[in-house]
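Right, one structure below, let's go through it.
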Amino acid sequence: MPQGKPAYVPDDGLTTRQRRNRPLLIVHTGPGKGKSTAAFGLATRGWAQGWDIGVFQFVKSAKWRIGEEKALRVLGETSEGGTVTWNKMGEGWSWIQRPGTEEDHAADAAEGWSQIKRDLAAETYRLYVLDEFTYPMKWGWVDVDDVVATLRDRPGDQHVIITGRDADRRILDAADLVTEMTKVKHPMDAGQKGQRGIEW
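Basically the working numbering = 1-based index in the sequence shown + 246.
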C-alpha cells in the first residue's frame, strides 16, 4: 500500500496510526471541472473498503440521472462493499430560476442540512459527499458557522467531502484537505455543450 511520508509530524500526542486514521473534512472547490467527479471517485474507494456512503446533492436537478449515481447505486446493492444512499435536496437551484421558488429552495436546503446533522449525530455513514454544498452556504440558505461547528464536533470516524465553487473561507480553514480545480481550457469555451459520459 502506498504510504507518503509527511513533511511535518505535529507534537499532538497521537500515535502514527491514530493520526493516519482520523476523519477528514475535504473540500473540492474552484472554477474548474471535476470537483464532484473527484468526490465520487473517493466514494467508490470508500465503498470498496466496506464504508457506508451518503450522497447529498444540493444543486443538480432531481430529474438528472448522472452516471456516478447509477454506478454507485448499483455498487451499493451488491454485497461487495458498503451501502450507498443517494439524496437529492431540491430541483436544480442553479439552473431552474422560476419566480417565487427561492424560498422553497432555501427551505429544502435547510432541511437537507438538518438531515445531514441527524445522520452525523447517529453516525449513519462513514463517508458523506455533500455535492454542490458551497452554494446553499453562499446564498445564505445554510449557516456557515453552524456547518463548521457541526463538522468540527462530529463524532466517530466520519469523513465529509464538500464540493462546489466559491467555498467560504471558514470552510477552507476548517478543512483538512482542500483542492482547487483551476480551469485551463474547456470545450464550452469553444461553444460546445456538455455531453453524455463527460458531464453526466
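Every residue gets a Cβ at the ideal spot worked out from N, C-alpha and C, and that includes glycine.
Given the structure is predicted, the values throughout are model-derived calculations rather than measurements.
Query: Roughly how many angstroms lie between the CA atoms of Gly-292 and Val-406, to the nearest whole one?; Result: 11 Å
Query: Quick check: the Cα distance between Gly-328 and Ile-272, rounded to an integer number of angstroms?; Result: 20 Å
Query: Measuring alpha carbon to alpha carbon, tell me which of Gly-276, Gly-358 and Gly-259 ends up nearest Ala-430.; Result: A small correction: the amino acid at residue 430 is Val; Ala does not occupy that position in the sequence shown. The shortest C-alpha separation from Val-430 is found at Gly-276.
Query: Is the stretch 407-426 touching the stretch 375-386, taking contact as three or more C-beta pairs under 8 Å?; Result: yes
Query: Quick one: does Thr-261 have its CB under 8 Å from some CB of chain D?; Result: Note that chain D does not occur in the displayed structure, where there is just one protein chain.
Query: Restricting to Cα atoms, I'd like to know which of Asp-257, Thr-261, Asp-298 and Ala-294 is closest to Gln-404.; Result: Asp-298
Query: I think Arg-416 touches Asp-391, with their Cβ atoms under 8 Å apart; what is that distance to the nearest whole Å?; Result: 7 Å
Query: Roughly how many angstroms lie between the CA atoms of Gly-402 and Ala-436, to the nearest whole one?; Result: 47 Å
Query: What are the uninterrupted segments assigned as beta strand (DSSP E) that are 3 or more residues long and contained completely in the stretch 389-445, given in chain order?; Result: 405-409 and 423-426
Query: Looking at the unbroken alpha helix (DSSP H) that takes in Phe-286, where does it start and where does it end?; Result: 281-294
Query: Using CA coordinates, which residue listed in Ala-413, Lys-384 and Tyr-371 is at the minimum distance from Phe-302?; Result: Tyr-371
Query: Confirm, please, whether the CB-CB distance from Ala-356 to Trp-387 is below 8 Å.; Result: yes
Query: Looking at the unbroken alpha helix (DSSP H) that takes in Lys-384, where does it start and where does it end?; Result: 380-384
Query: Please go through the same chain and pick out, in chain order, the residues whose beta-carbon is closer than 8 Å to the beta-carbon of Gly-322, but skip the five residues on each side of it.; Result: Trp-293, Ile-299, Gly-328, Thr-329, Val-330 and Thr-331
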